[in-house]
Amino acid sequence: MTRGRLLSERLLPGRSLLARVLSLHALGIAACALLTLGSANALLQYRTRTITRNMLLEQSAGIIGGISAAPDGHLSIDYAQTPLAQRVSGVFVFAVLNGDGDILLRSADPAASRLVHLNRIAHVRFLTLSRSQPVLSTIIRPFRLGAHVYWLAVGWNLSAPGVVFDNILRNFLWYSAAVALLVLLAVLAIDLVIMRGVLAPLSHLAELVRRSASATGDDDRDRRLQTEALPSEVVPLAAAYNDALDRVEAAYQLQRAFAADAAHELRTPLAVLRARLEMLPPDAARRVLLDDVSVMTRIVAQLLEIASLEQLVVDASASADPVAACNAVIEALAPMAIAGGRDLGFAGGPPSPVRLRIRDQELFQVVRNLVENAINHTGPGTTIDVSVEDDGAIVVRDDGPGIPEQWRKKVFERFWRKDRRDRSGAGLGLAIVQRIVLSHGGRIELDSAEGEGARFRVRLPAATQPHAAPV
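Sequential numbering from 2 applies to the sequence shown in the working numbering.
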């Protein structure tokens, strides 16, 4: 099986299964057709040769029976006593030769002169003269008349208009090859239609796999392939795909559970560590350690956010005020920005209130992670502006170093950091933002140029229900 598969791949390197099947089928049909044509042609040539020789033997025997010799040795022929009387003139020619090769008697057709070149031997000999026209199938045989031995040469003119039988046989291979080619093309056309129908389930399976791979539903069971409507030959492939998904899901669940459990277990030790550090006398070492604990605490919080987002359920009736969320984030992170020498502020909102279809806590997470990202990746003296556009889009802009083009897609990957030695975070903030925004049917846009700062714009659907104003 392996050797056959390797041979087919060597002969047919294409990747199309349909092309492979059709090509192999065409090769098989062509081989069978050639074998059939060759066998039929050999059989017909044998039959032609047998019929021709029998005919020549019959003609020569009849001609010998009609030849007579006068007392002076002159030969004559009585055509009425030979088969030549029933044949069309020009189809058969003959010549009678003596031992010296002289023509003693011959038919009137000029082609009879070519018979003189046949070798005179002691037994019957058949030969085809085809170097010039007309083509003659000949026999030369010795016969005795009285005390003398003569040779009779008879030629069958295969080029004569009346010799249709031999003409068909001689061209049988070419006629059959043309017919076989037309049959082969017709069979391949029918095969193409049949194989497209046979391979249609594979195309359907590929489409199912494509849809499964692009599914974004929270329920991983939506990704499984339904095998009830698939042919039995394709079911094992679909089952193997489902099994692979099961293993991937199990590994993913284990990893997610580990991250969530580890984050939960670290919260209490970090809180205890912070409390003990705050009890130490104030000095530079205490301040550095407290900063490190703050970073670790934020990373643990982001890990918990990531774990909770995997089970995020979107509330279609949710409604949040983007301006209030931005102001709340600025108030919460202002001490962090001031301590790092950044200028953080709200640059303005829409002329009329807008509300977005998202819960307040989730919108707060989106804006906070964007602002934290700006604080962590810009230097002292940087200005960070947060604003809300007229359509409710939230914009976080900074005038920091910017993001090179080759990194703009990577910044949304989990745990990606430009510099692994950077201790300001774990590379989860923008991944959290993207997860929340996409889950709510929104999108996030990044505009940046190296050395010219970065601008993140978050667009979320507007709330579908009016929100009651606080009293």
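Where is the CB? At the ideal position from N, CA and C, for every residue including glycine.
Looking at the unbroken alpha helix (DSSP H) that takes in residue i, where does it start and where does it end?
i: Arg398; result: No alpha helix (DSSP H) holds Arg398; the beta strand (DSSP E) holding it covers Ile395 to Asp399.
i: Met337; result: Pro323 to Ala340
i: Ile122; result: Per DSSP, Ile122 belongs to no alpha helix (DSSP H) and is neither H nor E.
i: Ser440; result: Gly430 to Ser440
Among the residues of its own chain, which have a CB less than 8 angstroms from the CB of residue i, if the five just before and after it don't count?
i: Thr3; result: For Thr3, the predicted model reports a pLDDT of 43, less than 50, meaning its position is unreliable and no value from the coordinates is stated.
i: Arg409; result: Leu447 and Ser449
i: Ser160; result: Gln134, Pro135 and Val136
i: Ile64; result: Ile78, Thr83, Pro84, Leu85, Phe95, Leu153 and Val155
i: Gly66; result: Gln82 and Thr83
i: Glu59; result: Pro84
Would you list the residues sitting across from residue i in a DSSP beta bridge?
i: Ile78; result: Ile68
i: Val459; result: Ile395 and Ile445
i: His149; result: Leu146
i: Thr465; result: Bridge partners of Thr465: none, in fact.
i: Leu345; result: Ile385
i: Asn158; result: Leu137
Near residue i, which residues of its chain fall below 7 angstroms by C-beta distance, leaving aside the five closest residues on each side in sequence?
i: Ala326; result: Asp361, Leu364, Phe365 and Val368
i: Arg287; result: Leu278 and Leu281
i: Leu206; result: Leu231, Val235, Leu238 and Ala239
i: His26; result: Asp192
i: Phe144; result: Ile65, Tyr151 and Leu153
i: Ala394; result: Arg458, Val459 and Arg460
i: Phe413; result: Leu431, Ala432 and Gln435
i: Asp221; result: For Asp221, the pLDDT reaches just 48, beneath the cut-off of 50, and the residue's location in the model is therefore unreliable, leaving the point undetermined.
i: Val188; result: Ile30
i: Ser61; result: Ile140, Arg142, Leu153 and Val155
Can you check whether the C-beta of residue i is within less than 8 angstroms of a C-beta belonging to chain C?
i: Ser40; result: The displayed structure is made up of one protein chain only, and chain C is not part of it.
For the beta strand (DSSP E) containing residue i, list its first residue and its last residue.
i: Ile104; result: Ile104 to Arg107
i: Arg126; result: Arg126 to Leu130
i: Ala96; result: Phe93 to Leu98
Pick out whichever of the options has its Cα sitting closest to the Cα of residue i.
i: Phe347; options: Val324, Leu357, Met337 and Pro336; result: Val324
i: Arg358; options: Lys410, Glu373 and Gly442; result: Gly442
i: Thr83; options: Leu57, Arg277, Asp322 and Asp101; result: Leu57
i: Ile339; options: Thr37, Gly382, Leu98 and Val387; result: Gly382
i: Asn120; options: Asp101, Glu446, Pro352 and Asp400; result: Asp101
i: Gly401; options: Ile385, Gly349 and Arg225; result: Ile385
i: Val355; options: Pro202, Glu59, Ser40 and Asp392; result: Asp392
i: Ile68; options: Leu85, Ile52 and Thr53; result: Leu85
i: Met337; options: Ala319, Ala329, Glu373 and Asp322; result: Glu373
i: Asp103; options: Val92, Ile433, Val117 and Asp344; result: Val117
i: Trp335; options: Ser318, Pro351, Asn42 and Ile376; result: According to the sequence provided, residue 335 is Ala. The question's Trp does not apply to it. If we check each option's Cα against that of Ala335, Ile376 comes out closest.
i: Ala109; options: Gly350, Arg126, Ser131 and Tyr80; result: Tyr80
i: Ala70; options: Ala148, Ile122, Ser138 and Leu291; result: Ala148
i: Thr379; options: Asp244, Val194, Leu345 and Val289; result: Leu345
i: Asn370; options: Gln435, Glu406, Leu36 and Asp316; result: Gln435
i: Glu229; options: Ala432, Gly452, Pro202 and Asp322; result: Pro202
i: Met196; options: Val389, Ser24, Gln407 and Ser388; result: Ser24
i: Met297; options: Leu431, Val397, Val273 and Cys33; result: Val273
i: Val180; options: Gly350, Val396 and Leu35; result: Leu35
i: Ser353; options: Val188, Glu390 and Ala333; result: Glu390
i: Glu406; options: Leu439, Ser440, Glu453 and Gly350; result: Glu453
i: Ser138; options: Ala329, Leu44 and Thr49; result: Thr49
i: Asn328; options: Arg343, Gly350, Leu38 and Asp316; result: Gly350
Take residue i and list the residues in its own chain whose beta-carbon comes closer than 6 angstroms to its own, dropping the five residues that flank it on each side.
i: Ala113; result: Val94, Ala96 and Arg107
i: Ser449; result: Gly403, Ile404 and Ala455
i: Phe127; result: Arg54 and Ile140
i: Tyr185; result: One detail in the question is off: residue 185 reads as Leu in this sequence, not Tyr. Excluding positions up to five away in sequence, the list reads Ile30.
i: Val165; result: Model confidence at Val165 stands at a pLDDT of 48, short of 50, so the residue's coordinates are unreliable; what they give is reported in the following sentence. Once the five neighbours on either side are set aside, Val165 has no close Cβ partner at all.
i: Pro462; result: Arg358 and Gly442
i: Asp219; result: Confidence at Asp219 is low in this model, with a pLDDT of 46, below 50, so its placement is unreliable and the value that follows should be read with caution. Closer than 6 angstroms at the Cβ level, and outside the excluded window around Asp219, lies no residue.
Alpha helix (DSSP H) segments (min. 4 residues) lying fully within the stretch 351 to 417: Whole alpha helix (DSSP H) segments, 4+ residues: 361 to 377.
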